[in-house]
Amino acid sequence: MDSYLDHNWNFELVELACVLREEGGIPLYTHVKSDPAHNHGSVTHTSSDHEHAHQCLDITAPAIWTEDGSHVHHSESWVMYEQGHSHYYKAVSGPAVPLPNNYHVHNWDFYTSVSAGHRHHVSGPDMPAPGI
Numbered sequence: 001m002d003s004y005l006d007h008n009w010n011f012e013l014v015e016l017a018c019v020l021r022e023e024g025g026i027p028l029y030t031h032v033k034s035d036p037a038h039n040h041g042s043v044t045h046t047s048s049d050h051e052h053a054h055q056c057l058d059i060t061a062p063a064i065w066t067e068d069g070s071h072v073h074h075s076e077s078w079v080m081y082e083q084g085h086s087h088y089y090k091a092v093s094g095p096a097v098p099l100p101n102n103y104h105v106h107n108w109d110f111y112t113s114v115s116a117g118h119r120h121h122v123s124g125p126d127m128p129a130p131g132i
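One point on numbering: in my numbering, the residue at position 13 of the sequence shown is 13, and numbering is uninterrupted.
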């Protein structure tokens, strides 16, 4: 498997709200002044590339507040190991999109790392697990 450092990333960071630290040589983003009780879970799939897609099970980091009073979330993980390989991703969501029930979702738009000669696109709103 390629080192994650060899991958080309397509994501945006909210630089003022994140502190980069390293743990075991892996960069991690620590969020400053955010409520640990506010995060999102999501169940979705990547785009279909090379005749397959991967399941993407995700729990975001806590909220990162933005200057306009909204917030975004950081997410960093691996898609489900399928077809003999997996893909790494790290991304920042779009701002909160209000829903009629006083809840909200976030839109995502990012690409995974390249593995087995291809990568996948993930886009759309948070998709809670069935029954939530």
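Backbone N, C-alpha and C define an ideal beta-carbon position, used for all residues, glycine too.
Small disclaimer: the values here were computed from a predicted structure and weren't measured.
Exposed unless 16 or more other CB atoms sit within 10 angstroms - verdict on residue i
i	result
H50	exposed
Y89	buried
I59	exposed
N113	The question names Asn, yet the displayed sequence has Ser at residue 113. Result: buried.
T30	Here T30 scores only 48 on pLDDT, less than 50, and its place in the model should not be relied on; the value that follows carries that caveat. Exposed, by the Cβ-count rule.
D38	The sequence given here has His at residue 38, not Asp. H38 is exposed by the Cβ-count criterion.
H121	exposed
P128	exposed
D68	exposed
Top-ranked residue by Cα proximity to residue i, from the options
i	options	result
A91	P98, Q83 and Y111	Y111
C56	G117, A116 and W108	W108
H54	S77, V72 and I64	S77
T46	A61, G84 and M80	M80
A96	G84, H85 and G124	G124
Simplified DSSP assignment, three categories, for residue i
i	result
V114	coil
V79	coil
N107	strand
S47	coil
L57	strand
S70	coil
A37	coil
G94	coil
P128	coil
H85	strand
Alpha-carbon to alpha-carbon, residue j and residue i
i	j	result
Q101	S115	First, the amino acid is wrong: residue 101 is Asn here, not Gln. C-alpha separation (whole angstroms): 40 Å.
Y103	H52	33 Å
I118	S48	A quick correction: the sequence has His, not Ile, at residue 118. Using only the alpha carbons, I get a separation of about 11 Å.
G41	S93	13 Å
S75	T66	16 Å
H87	T44	14 Å
Cβ of residue i within 8 Å of any chain C Cβ
i	result
S113	Reference to chain C is not applicable here, since this structure consists of a single protein chain.
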